[in-house]
């Protein structure tokens with residue numbers, strides 16, 4: 002389905018839901034900026050787009066096949082941008098990455114996606130509000146769109162960060178062995194998030210340092226801002242990864258410590274029991290001449306000596322902190 | 002064996018199976034592009050090629066000796082390219098890397114390989130289909146060939162990725178100790194795949210940034226596309242490596258956890274048994290005066306106290322989760 | 002609250018607490034440098050600033066939202082700088098990072114912060130003392146301010162370093178298992194400190210290598226000095242991180258060694274006890290014909306043999322250093 | 002000892018064993034290329050060389066002191082090159098690195114070494130064979146020499162690779178604890194090999210990218226070839242290092258697994274023995290009223306119950322795979 | 002204390018111990034090179050230097066405060082260099098790093114240090130010997146000074162390397178648990194050495210690649226030489242670090258192996274003892290009808306069966322290498 006909006010940056014007139022057939026005409030009007038949003042694109046849609054805007058067949062190909070890496074490619078007359086909107090969904094907080102393809106030209110923007118993208122509504126709304134800056138053309142919509150997507154990573158990372166604080170509390174406080182599985186689930190999420198952000202950051206870095214033939218100078222500061230947010234997101238992901246690996250180390254050493262403590266304790270108890278049992282064994286021997294056996298309170302003495310050995314050993318092991 | 006195809010980019014006339022002897026003549030015709038595919042090359046083939054196309058003896062030397070690293074070298078009049086087609090083969094999914102040497106000139110392409118390369122058929126087929134873009138010369142065949150090889154890495158990596166998901170399930174779910182050997186087998190595969198892709202990516206990166214004397218400008222976007230796929234493959238390999246090392250860590254810590262649990266349990270059971278045995282030991286002592294021994298239900302009481310101690314300890318150890 | 006100071010770099014006249022309303026006039030006087038310090042800024046303050054100095058709405062936006070990453074951004078007519086003052090606070094030496102936003106123009110400096118910044122007082126004091134260098138304008142105040150903040154990291158890092166020496170002593174000397182928790186607390190502090198310094202260092206590196214349109218050449222050497230201090234702080238943090246990970250390794254291996262020693266000892270003791278118990282067990286057998294049982298000193302001999310076996314084993318295990 | 006060979010690249014006349022005294026004269030003849038090979042150099046040799054060819058005293062100094070790092074330095078009129086020939090020697094396959102110093106000028110090559118270098122003979126032989134390319138001067142001999150040395154690393158690395166396959170088989174197959182010592186011996190070898198190759202690769206990288214005042218353009222492709230081999234050797238070393246660290250990890254986890262299995266088994270057996278012993282202990286008690294003791298087949302029943310408990314526990318532990 | 006030496010590079014006349022007051026005059030004479038060595042500088046010394054040579058107050062400030070990072074800074078008219086002389090001192094081979102500040106101008110060199118620097122004497126001696134190259138001015142003394150300091154790192158690193166060989170022998174040969182503490186002590190030393198060399202290497206790298214306004218071209222080759230030595234020292238440190246971490250890994254795995262072996266042995270011995278004890282326990286039961294008890298050689302048979310079980314188990318455990 003193609004939804005088209007046309008804005009004349011001179012007269013500030015906004016035409017909603019233009020007909021696809023009129024796009025060619027609208028593009029000829031000076032100052033007109035056209036945004037075509039294609040959701041669930043059909044083969045026919047792709048052909049129409051390619052013909053109307055003259056897109057290179059390689060970029061159309063990339064658009065067709067899913068799971069592209071995030072990237073910005075320069076073609077004659079337009080940029081082709083792939084990026085991912087991230088969302089935690091479902092009861093298990095599964096990470097969902099939704100692909101958005103953007104064709105960005107001087108006075109047009111085409112967005113293609115097969116799943117709903119929240120940022121498109123946000124960008125559309127802001128475009129209306131920022132009408133006074135609308136003379137900056139298609140680049141401004143692109144900025145609003147990319148910025149909305151990039152900014153949406155931050156609350157998601159805050160959630161991950163909170164989860165990690167819980168994990169850490171669980172490690173140093175009330176112990177749960179299952180923490181390990183959760184640590185790996187967070188680790189994987191961060192790996193995917195990182196993969197959908199860092200390539201974009203690297204490309205922005207290159208784009209912002211070279212000549213910008215398509216955009217006016219004024220829009221450059223906006224893309225600098227998006228780049229700044231991208232770095233912030235990427236830095237936060239890296240910091241979270243560092244902290245997670247540190248949490249993992251903490252888990253392993255605390256887990257090792259706990260295990261050591263338990264084994265020391267159990268083995269110490271075994272040693273005490275064996276010592277006491279030895280006494281019982283000695284007086285279980287069948288020698289004919291064992292004076293203690295005949296003694297009136299021999300049994301009591303034996304029990305007392307067992308208690309004495311047991312308590313003595315316990316006290317000693319307590320002192321050296323093995324129990 | 003040398004198979005030669007000649008295409009006139011002006012008249013779009015395709016001549017299959019040209020004679021090797023005619024190559025010199027064909028090359029003189031304007032617009033002719035020649036693709037000579039040499040499989041299982043003999044010493045004679047090499048000499049013929051070197052003479053006909055004027056290849057430098059160093060590149061011929063590289064072509065002769067196998068196990069070159071993937072590379073692109075610039076010689077006067079042509080590029081010399083080495084790359085590897087990857088395939089999982091045999092019952093044990095052994096990784097097979099097949100070397101392909103490409104000599105790429107303005108209007109000729111020579112491919113040399115000692116084992117069958119699937120991508121050659123794919124490229125030949127697509128060349129016919131893309132006849133309308135054929136005026137872009139030998140660069141286009143090179144693109145189709147390299148792209149076919151690079152794209153073939155992706156389904157292979159998907160297989161590896163699926164295998165890794167199985168491994169992970171096996172770690173957190175039904176436990177198998179042999180997982181470790183499979184993890185190392187996957188690790189080695191990724192190491193080899195990485196080694197056959199990353200050098201290529203690095204060389205493409207350099208080539209695409211500098212002047213391109215051999216190719217027309219229009220072909221440049223195609224090589225940009227190959228480069229993009231190379232990055233995607235390399236990125237996927239790196240992500241899989243990251244995930245594998247994470248799986249490895251998970252294996253180690255879960256394995257450690259399981260072992261700790263078992264040792265704790267066994268040692269706890271030993272402690273219980275020793276405590277109970279101690280009671281038996283006490284009443285096995287041979288003191289003359291042991292009132293309990295004479296008691297009517299002494300034996301029953303002893304047994305009951307053993308059960309009591311055993312159950313009590315079990316309950317306690319259960320509570321502190323040592324058993 | 003806005004506090005404004007104005008210095009005429011020609012007449013060296015300093016006007017404290019100017020009225021906000023006069024700023025526009027003061028800026029017109031040649032040689033006047035204005036420093037406006039805004040603490041706990043209100044929405045109204047932001048609007049006033051944006052209007053008076055012509056700040057871009059994106060930089061105002063960054064100023065409003067907290068937790069920006071440290072950065073230096075170039076806007077037309079001014080630099081926008083974000084950095085963090087670090088302080089250990091509270092009974093638990095919690096690390097506190099306080100954000101400071103700086104707008105630095107040719108002849109004005111605007112500082113915005115919501116929590117008190119010590120460096121502002123230091124910079125104000127030094128500005129008075131360095132009156133003879135005051136002709137270097139707003140850049141000099143910026144230098145004094147940034148330098149005061151960066152230099153404040155060093156005593157803080159010295160504290161961390163001392164804490165780490167204590168931890169190390171505790172590992173190789175009097176052992177405490179809780180060291181692990183402290184190591185992770187220091188690790189986290191270093192992670193946050195690093196995060197608030199390294200982005201700044203990287204940006205300074207770029208700024209110092211390119212053309213400087215705003216500052217006179219003479220101020221350049223001052224920013225080179227700040228950069229040098231930034232590198233020093235960042236290097237110190239990296240060294241401390243290296244040493245911490247080394248301390249962590251030391252903890253783990255010493256902890257493992259201690260545990261091993263204890264387990265060896267306990268198991269050795271168990272072996273001795275079992276050997277001695279075996280002798281008792283043998284003479285506890287009920288065979289009718291056991292000559293030793295009838296011997297006059299059989300019991301004494303048995304006890305002696307127990308001692309002999311116990312001492313012998315102890316001596317042997319001591320020799321092989323298992324006990 | 003100085004051995005000198007002179008080749009006239011125009012007349013292709015080769016003069017073996019020239020007198021040291023004649024070198025000055027020979028150098029004046031147009032087209033003459035002189036190769037002086039100095040083995041076991043004396044102080045006098047160094048002075049002679051310095052005077053004859055005008056070598057800078059710093060490069061002579063580097064030549065005198067051994068254990069320089071591999072490098073290429075540019076002096077006025079010549080390059081000074083240090084590299085190492087690698088060889089496995091002795092019964093224990095000790096790695097031997099032999100230093101070779103090369104002074105490479107427009108029409109002369111001086112090689113200095115204190116131990117025999119195999120590559121010198123190889124290069125001398127090839128120089129004779131490649132007489133038709135001899136007009137490329139001293140650069141060609143340098144190429145032949147360096148290429149011979151670099152190529153000699155590959156069979157050596159193949160040996161290391163085979164050794165590593167053996168180690169891996171030993172880890173997953175028939176277990177030997179001594180593997181660990183061999184792994185470290187290989188690791189050290191790779192560290193030294195890497196150290197003697199990577200600096201050279203880095204310098205070649207720089208040299209090949211800049212202007213080449215000494216060599217003619219045609220020799221450039223030869224040095225490109227050496228560079229390619231250097232990368233290949235360095236890449237192979239890095240891959241081997243990666244695989245070795247992976248082998249090391251495999252060793253540690255398999256070793257841990259084996260140990261865990263053994264401890265589980267031993268502790269399980271101990272548990273079984275203790276359970277059975279408990280039964281014996283119970284019937285070893287001396288209570289007056291123990292009906293079982295009087296039973297006709299009490300003893301047999303007791304033995305049977307011991308067997309039952311033993312077999313039952315064994316069966317259970319087998320089922321949970323602890324034994 | 003300020004010691005001043007003046008050398009006229011034209012007349013080769015050397016004036017020792019010039020008066021501080023004469024420096025201004027001496028600097029005016031053409032060809033004069035002045036070296037002022039300031040040890041234990043007072044505030045007055047700093048003021049005098051700043052005034053006489055026109056040093057920037059920031060470099061004087063750096064000179065005053067100790068613990069600067071090694072660096073080279075360019076000021077108008079001179080370079081300001083900070084570097085560290087390393088020495089092992091005291092009975093425990095404590096690493097001592099002594100700071101040296103150098104102001105290097107066209108025709109003057111000022112060295113400032115608060116602790117004695119050996120390299121100053123070396124450089125002074127060599128300056129006299131190298132009188133024939135003295136026309137290369139202050140740069141030559143700087144070279145001699147820096148080179149002497151950098152070269153002094155190498156014997157120190159040889160010592161560290163020898164210590165590491167001892168540690169390794171101790172790990173694979175006669176075992177000492179204290180090795181771990183020594184490994185960490187060496188690790189720390191290497192960390193400090195690295196920190197005092199690598200920043201210098203990086204700065205030299207930048208300086209040598211750009212235009213050199215202060216030094217004549219001939220001195221450039223000397224600084225290239227210092228850079229080469231710096232790389233060599235830094236490379237050696239990195240190699241030692243790699244080898245140390247490898248030694249550390251060896252320690253951990255060998256230590257783990259030894260522990261495993263001991264535990265296996267002790268647990269195996271325990272199993273044997275328990276089996277034998279079980280036999281004693283069986284014949285300690287009090288059943289009325291136990292035919293063996295009445296047998297003439299029952300006791301001997303029992304003892305023999307104990308020995309048989311013990312030897313049998315020992316033989317079995319020896320075979321599976323658990324003992």
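Chains as they are written, first to last, in my numbering: chain U, 2 to 324; chain W, 2 to 324; chain R, 2 to 324; chain H, 2 to 324; chain F, 2 to 324. By construction, the Cβ of each residue, glycine as well, lies at the ideal position given by its N, Cα and C atoms.
1. Below 7 Å CB to CB, which residues in the same chain sit around residue 183 of chain F once its five sequence neighbours on both sides are set aside?
2. Going by Cα to Cα distance, which pick from H:181, H:17, H:15 and H:35 is closest to residue 24 of chain H?
3. Kindly provide the ranges of any alpha helix (DSSP H) runs that are 4 or more residues long and lie completely inside the region 100-174 of chain W, ordered along the chain.
4. Just to confirm before moving on: does the CB-CB distance between residue 62 of chain F and residue 225 of chain R stay below 8 Å?
5. Check this for me: beta carbons of residue 76 of chain F and residue 99 of chain F, under 8 Å apart or not?
6. Counting contacts by CB-CB distance shorter than 8 Å, is residue 165 of chain F in contact with chain H?
7. For residue 27 of chain U, list the residues DSSP reports as bridge partners.
8. Considering only C-alpha positions, which residue in the set F:242, F:234 and F:176 is nearest to residue 189 of chain F?
9. Name the residue from U:150, U:276, U:249 and U:205 whose alpha carbon lies nearest to the alpha carbon of residue 1 of chain U.
10. Take residue 297 of chain H as the anchor and find which of F:121, F:291, F:298 and F:206 has the nearest alpha-carbon.
11. At 7 Å on the CB atoms, spell out the chain F contacts of residue 185 of chain H, in chain order.
12. Which of the three DSSP states is assigned to residue 12 of chain F in this structure?
13. At a CB-CB cut-off below 8 Å, which residues of chain F make contact with residue 265 of chain R?
14. Which residues in the same chain have their Cβ closer than 7 Å to the Cβ of residue 65 of chain H, if we skip the five residues on either side of it in sequence?
15. What span of residues does the beta strand (DSSP E) with residue 87 of chain U cover, start to end?
16. Please identify the residue among R:115, R:95 and R:33 whose C-alpha is closest to the C-alpha of residue 3 of chain R.
17. Is it the case that the CB of residue 104 of chain W approaches a heavy atom of the ligand GTP more closely than 7 Å?
18. Need the endpoints of the beta strand (DSSP E) that residue 176 of chain U sits in, please.
19. How is residue 321 of chain R classed by DSSP in three states: helix, strand or coil?
20. For the candidate residues F:110, F:252, F:223 and F:146, whose alpha-carbon lies nearest to that of residue 174 of chain F?
21. For residue 275 of chain W, return the contacting residues in chain H, with the cut-off set at a CB-CB distance below 8 Å.
22. Please list the terminal residues of the continuous alpha helix (DSSP H) segment that includes residue 93 of chain W.
23. If you run the structure through DSSP and keep just helix, strand and coil, what is residue 74 of chain U?
24. Does any residue of chain F have a CB that is nearer than 8 Å to the CB of residue 124 of chain R?
25. If you measure from the beta carbon of residue 225 of chain U to each beta carbon in chain R, is any gap under 8 Å?
26. Using only the alpha-carbon positions, how far apart do residue 95 of chain F and residue 164 of chain F sit?
27. Give me the chain U residues within the contact set of residue 181 of chain R, using Cβ-Cβ distance strictly less than 8 Å, ordered along the chain.
28. So, is residue 233 of chain H buried or exposed, given that buried needs 16 or more other C-beta atoms within 10 angstroms?
29. Please list the terminal residues of the continuous alpha helix (DSSP H) segment that includes residue 37 of chain H.
30. Cα separation between residue 222 of chain R and residue 101 of chain W?
On the basis of the data shown:
1. Working through the fifth chain from its first residue, we reach residue 183 of chain F at position 182. Answer for residue 183 of chain F: 168, listed in chain order.
2. On the fourth chain, residue 24 of chain H is found 23 positions in, with the first residue counted as 1. Distance check between residue 24 of chain H and each of H:181, H:17, H:15 and H:35 places H:35 closest, using alpha-carbon atoms only.
3. Those alpha helix (DSSP H) runs which fall completely within the region 100-174 of chain W and span 4+ residues are 119-130, 139-152 and 154-173.
4. Position 61 of the fifth chain, counted from the first residue, corresponds to residue 62 of chain F. Position 224 of the third chain, counted from the first residue, corresponds to residue 225 of chain R. Between residue 62 of chain F and residue 225 of chain R, the C-beta gap is not smaller than 8 Å, which leaves the two residues out of contact.
5. Taking the fifth chain and counting its residues from 1, the one referred to as residue 76 of chain F is at position 75. Taking the fifth chain and counting its residues from 1, the one referred to as residue 99 of chain F is at position 98. Going by C-beta atoms, residue 76 of chain F is not nearer than 8 Å to residue 99 of chain F.
6. Locating residue 165 of chain F in the fifth chain gives position 164, where the first residue counts as 1. No Cβ of chain H is located within less than 8 Å of the beta carbon of residue 165 of chain F.
7. The residue labelled residue 27 of chain U in the question sits at position 26 within the first chain. DSSP, once it has assigned bridges, lists no residue as partnering residue 27 of chain U.
8. Sequence index remark: in the fifth chain, residue 189 of chain F carries index 188 (1-based). Per the Cα distances, F:242.
9. Because residue 1 of chain U is not part of the residues shown, which for chain U are 2 to 324, the question remains open.
10. Within the fourth chain, numbered from 1, the residue matching residue 297 of chain H stands at position 296. Residue F:291 holds the alpha-carbon nearest to the alpha-carbon of residue 297 of chain H among F:121, F:291, F:298 and F:206.
11. Here residue 185 of chain H is taken as the residue at index 184 of the fourth chain, counted from 1. 247 and 251, listed in chain order.
12. The count along the fifth chain starts at 1 and reaches residue 12 of chain F at position 11. In this structure, residue 12 of chain F counts as coil in the three-state DSSP scheme.
13. Looking up residue 265 of chain R in the third chain gives position 264. Near residue 265 of chain R (Cβ distances below 8 Å), the residues of chain F are 260, 263, 264 and 267.
14. Taking the first residue of the fourth chain as position 1, residue 65 of chain H is located at position 64. Non-local C-beta neighbours of residue 65 of chain H in its own chain, meaning closer than 7 Å and more than five positions away in sequence, comprise 47, ordered along the chain.
15. Within the first chain, numbered from 1, the residue matching residue 87 of chain U stands at position 86. First-last of the beta strand (DSSP E) with residue 87 of chain U: 79-90.
16. Mapped onto the third chain, residue 3 of chain R falls at position 2. Minimum Cα-Cα distance from residue 3 of chain R among the listed residues R:115, R:95 and R:33 corresponds to R:115.
17. The ligand GTP is absent from the structure shown, which contains no ligand whatsoever.
18. Counting from 1 along the first chain, the entry for residue 176 of chain U is found at position 175. No beta strand (DSSP E) holds residue 176 of chain U; DSSP gives it neither H nor E.
19. For the purposes of this step, residue 321 of chain R is taken as residue 320 along the third chain, with counting starting at 1. Correct three-state label for residue 321 of chain R: coil.
20. Within the fifth chain, numbered from 1, the residue matching residue 174 of chain F stands at position 173. For residue 174 of chain F, the closest of F:110, F:252, F:223 and F:146 by C-alpha to C-alpha distance is F:252.
21. The residue labelled residue 275 of chain W in the question sits at position 274 within the second chain. Chain-order list of chain H residues neighbouring residue 275 of chain W: 275, by C-beta distance under 8 Å.
22. As a first step, residue 93 of chain W is located in the second chain; it is residue number 92 there, counting from the start. That residue, residue 93 of chain W, is in no alpha helix (DSSP H); it is neither H nor E in DSSP.
23. Here residue 74 of chain U refers to the residue found at position 73 of the first chain. Residue 74 of chain U: strand per DSSP, three-state reduction.
24. Locating residue 124 of chain R in the third chain gives position 123, where the first residue counts as 1. No, residue 124 of chain R lies away from the interface with chain F (no Cβ there is under 8 Å from its Cβ).
25. On the first chain, residue 225 of chain U is found 224 positions in, with the first residue counted as 1. At a cut-off of 8 Å between beta-carbon atoms, residue 225 of chain U makes contact with chain R.
26. Position 94 of the fifth chain, counted from the start, is the residue given in the question as residue 95 of chain F. Position 163 of the fifth chain, counted from the start, is the residue given in the question as residue 164 of chain F. Going by C-alpha positions, residue 95 of chain F is about 14 Å away from residue 164 of chain F.
27. The residue labelled residue 181 of chain R in the question sits at position 180 within the third chain. Chain U residues near residue 181 of chain R: 251, 254, 255 and 258.
28. The residue labelled residue 233 of chain H in the question sits at position 232 within the fourth chain. Buried, by the Cβ-count rule.
29. Your numbering for residue 37 of chain H matches position 36 in the fourth chain. Per DSSP, residue 37 of chain H is not a residue of any alpha helix (DSSP H); the beta strand (DSSP E) it occupies stretches across 33-40.
30. The sequence position of residue 222 of chain R within the third chain is 221, counting from 1. The sequence position of residue 101 of chain W within the second chain is 100, counting from 1. Rounded to the nearest angstrom, the two C-alpha atoms are 57 Å apart.
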